[in-house]
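Following: one structure in structure tokens, then a few remarks.
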Amino acid sequence: MSTHEQSMTLNLKVWKQKGPKDSGHFEMVTAKNIIKEMSFLEMLDVVNEDLIKLGKEPIEFDSDCREGICGTCGIVINGQAHGPWKATTTCQLHMRAFNDGDTVILEPWRAKAFPVLKDLVVDRSSFDRIIASGGYTSAKTGPHPDGNAMLIPKPIADRAFDAAACIGCGACVAACPNASASLFTGAKITHLMMTPQGQAERERRVVSMVDRMDQEGFGSCTNIGECRAACPKDISLDSIAIMKREYMNAFLKSDIEQREVREDA
Amino acid sequence: MGASGLALLGFLITHLAGNLLLFIPGGALFNEYAQKLESLGMLLYVAEFGLAFLFVFHSVIAIRLKLDNLSARGSKYAGLKSKGGPSRWNIASVNMAISGLVMGAFLIWHIKSMKFGPSIAQGYVTEVKGTLDRDLYRLVFETFKDPIQVWLYVGVMIFLGLHLRHGFWSAFQSLGLIRPRFSKLISAVGVFIAVLMAAGFLGIPLYIHFILPGVKTL
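In the order they appear, the protein sequences are chains A and B.
Convert by adding 913 to the 1-based position in the first sequence; the result is the number in this note's numbering.
Convert by adding 110 to the 1-based position in the second sequence; the result is the number in this note's numbering.
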């Protein structure tokens, strides 16, 4: 009861865009009956129900698991990717981060490589294409190998896992002043180069993933590190240094590289 | 970007080391140093060409990088805001292009007014080790009598400090030379170098203008 008495009204300044070709604009929407315990996306659900009742078009946004682990949601809230909280996805941001009467600006991830599909929904398939270009291992599947057959020291496993925690939400690109995807790509490369399974394609992977990243139209890293602050999974900037180092190592072994590619073709 | 930046920093260190001779009143040692450099002949031309190449390379890559990065955003945010914490978003890191452009413009003027400034023909002559040579010290001395030029130099050196403050750490990161253990250390060394270089270079005009006897015009 008491919490409902403290319901808030917020003024949302929302980015509305009909489609990828539309230039888009901001619209003011009032969010009524918002309680502090709601998540940010639940707040949008309430707003959308009101809009639908009025016969208006709801605000389009992406979401899936709503527990901070899938990487589907993502809104730039008041100029910060995933809003003001650290290491938090938009779905885990709660309305206690805001006060009654606040004006909140909602924008999509803005990057040439992430075209806006509608309102706050962007197309992140450029990330998928980076992964498809080398973010995998071609280990043979089949019967389970013996658990002790491939020993990985705990510190290495931990570092690989820290990088593997990346959920590919794209907040790094959204927050980067250059719209660079270096933290994402660096995390994937670090994750795979740490473990024995990732060694076979190590050089080829980094070259094709970095080249793909550039082709997709992402900006270049100038080490501002805002990606690190916006990352809901706390991916370390060291993964970018590792990516650069791996790229240079692979470049020095480029004769091996070309032979492998030719065999594939 | 990083490699050429570090190489240019190497030049700045030797440039500052040489210019510290300006702190010695009279300027005989400074003129002697300048004459030694001039007497290198062919070697000096090679060094100058190398330096010019580095500056042009660093600038061209930087301009291309900046233009690519500007276009990578696509549409503009209503206002992007730093989340703080581990972010290195600061006045230095987001304004590298501006500090670079300011220094580039300064560099052209600096070379024009110093290297190609008044020389023996204009009467800037002094005796260096028994022979008559260019009195570069007098040119520097007269330049820094002018308060406008003093503050111009001071202003540009603040931009240099900002550029190095981000650039030093950034070069190590971009070249993949940073290990987690050394990241903080390299960042701290970057701050130290930035302060040292800026203070060293802006100290010269301030010293000559305000402290050196007989030049107090303000």
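We treat Cβ as the ideally placed atom computed from N, Cα and C, and that holds for glycine.
Under 7 angstroms between beta-carbons, which chain B residues line up against residue i? List them in chain order, please.
i        : result
G1130(A) : A182
L1042(A) : Looking at the sequence shown, residue 1042(A) is not Leu but Arg. None at all; the shortest Cβ gap to chain B is about 16 angstroms.
G1099(A) : Residues of chain B passing the Cβ test: none, with the nearest at roughly 10 angstroms.
A1143(A) : K193
A1077(A) : Neighbours of A1077(A) on chain B: none; closest Cβ ~17 angstroms, over 7 angstroms.
Along chain A, which residues have their Cβ under 7 angstroms away from the Cβ of residue i?
i       : result
M206(B) : T1135
L175(B) : S1133
P315(B) : Result: empty, since nearest Cβ-Cβ is about 31 angstroms, beyond 7 angstroms.
K294(B) : Ordered by position in chain A, no residue passes the 7 angstroms Cβ test against K294(B), which lies about 12 angstroms from the chain.
D178(B) : G1132 and S1133
Considering only their Cβ atoms, is the gap separating residue j from residue i smaller than 7 angstroms?
i        : j        : result
I1148(A) : C1079(A) : yes
Y247(B)  : N141(B)  : yes
F163(B)  : M213(B)  : no
I1044(A) : T1103(A) : no
V260(B)  : H319(B)  : yes
S197(B)  : N1136(A) : no
F121(B)  : L161(B)  : yes
R1072(A) : M1107(A) : yes
F1074(A) : C1085(A) : no
V204(B)  : P1090(A) : yes
L116(B)  : G310(B)  : no
G286(B)  : M1126(A) : no
H276(B)  : A215(B)  : no
G1132(A) : N179(B)  : yes
E1116(A) : A1163(A) : yes
G1130(A) : K1025(A) : yes
P1179(A) : T1001(A) : Any property of residue 1179(A) remains undetermined from this structure, which presents chain A solely from 914 to 1178.
G1111(A) : I1153(A) : no
V944(A)  : L923(A)  : Correcting the residue identity first, residue 944(A) is Ala in this sequence and not Val. Closer than 7 angstroms, so yes.
S1046(A) : S1121(A) : yes
R244(B)  : I230(B)  : yes
A207(B)  : K186(B)  : no
I1018(A) : K926(A)  : yes
List the DSSP bridge partners of residue i.
i        : result
L925(A)  : V942(A) and V1017(A)
I947(A)  : M921(A)
E1159(A) : E1159(A) is not bridged to any residue.
G1132(A) : S1093(A)
R248(B)  : Looking at the DSSP assignment, R248(B) forms no beta bridge with any residue, so it has no partner.
K1031(A) : V1034(A)
S952(A)  : H1007(A)
Listing by chain order, which chain B residues have their CB less than 9 angstroms from the CB of residue i?
i        : result
M1008(A) : The premise fails here: M1008(A) is roughly 19 angstroms from chain B at the closest Cβ pair, so nothing lies under 9 angstroms.
R1023(A) : R183, G184, S185, K186, Y187 and L190
So residue i and residue j are supposed to be a Cβ contact under 8 angstroms. How far apart are they, rounded?
i        : j        : result
M993(A)  : A1143(A) : Before going on, a small fix: residue 993(A) reads as Gln here, not Met. Between A1143(A) and Q993(A) the Cβ distance is about 7 angstroms, and since that is below 8 angstroms, they are a contact.
V942(A)  : V960(A)  : 6 angstroms
F278(B)  : V299(B)  : 7 angstroms
T1003(A) : L954(A)  : 6 angstroms
K193(B)  : E1139(A) : 7 angstroms
D1032(A) : E973(A)  : 4 angstroms
I296(B)  : F282(B)  : 5 angstroms
A1050(A) : L1105(A) : The amino acid occupying residue 1050(A) in the given sequence is Thr; Ala does not appear at that position. Contact holds; Cβ gap of about 6 angstroms.
G184(B)  : R1158(A) : With a Cβ gap of about 30 angstroms, G184(B) and R1158(A) do not count as contacting.
S952(A)  : L1006(A) : 7 angstroms
M307(B)  : L274(B)  : 6 angstroms
V250(B)  : L132(B)  : 6 angstroms
L1030(A) : P971(A)  : L1030(A) to P971(A), Cβ: 15 angstroms. No contact.
Please compile the residues from chain A whose C-beta is within a distance smaller than 9 angstroms of the C-beta of residue i.
i       : result
L285(B) : A1154, K1157, R1158 and M1161
In chain B, which residues lie less than 8 angstroms from residue i when you measure between Cβ atoms?
i        : result
D1059(A) : Per Cβ cutoff of 8 angstroms: no residues; D1059(A) is ~32 angstroms from chain B at best.
K999(A)  : K193 and G195
Which residues of chain A have a Cβ atom closer than 8 angstroms to the Cβ of residue i, listed in chain order?
i       : result
I288(B) : D1151 and A1154
S280(B) : T1135 and N1136
W199(B) : P1090, I1137, G1138, E1139 and A1142
S223(B) : The premise fails here: S223(B) is roughly 32 angstroms from chain A at the closest Cβ pair, so nothing lies under 8 angstroms.
S203(B) : T1135, N1136, I1137 and G1138
Just to make sure I have the definition right: I need the residues of chain C whose C-beta is within less than 9 angstroms of the C-beta of residue i. Which are they?
i       : result
G189(B) : In summary, chain C is missing from the structure at hand, where the protein chains are A and B.
Could you check whether the Cβ of residue i sits closer than 6 angstroms to any heavy atom belonging to the ligand ADP?
i       : result
L322(B) : Absence of the ligand ADP from the depicted structure is noted, as is the absence of any ligand whatsoever, leaving it without description.
Complete runs of the beta strand (DSSP E) confined to the segment 973–1024 of chain A [at least 3 residues]: 1016–1020
Every unbroken beta strand (DSSP E) within the segment 1053–1077 of chain A, with a cutoff of 3 residues, ordered by chain: none
Any alpha helix (DSSP H) of 4 or more consecutive residues that is wholly inside the segment 126–192 of chain B: 138–148 and 152–182
Length at least 3, wholly inside the segment 195–247 of chain B: the beta strand (DSSP E) runs in chain order: 235–238 and 241–244
Minimum length 4: unbroken alpha helix (DSSP H) runs contained in the segment 258–317 of chain B: 293–316
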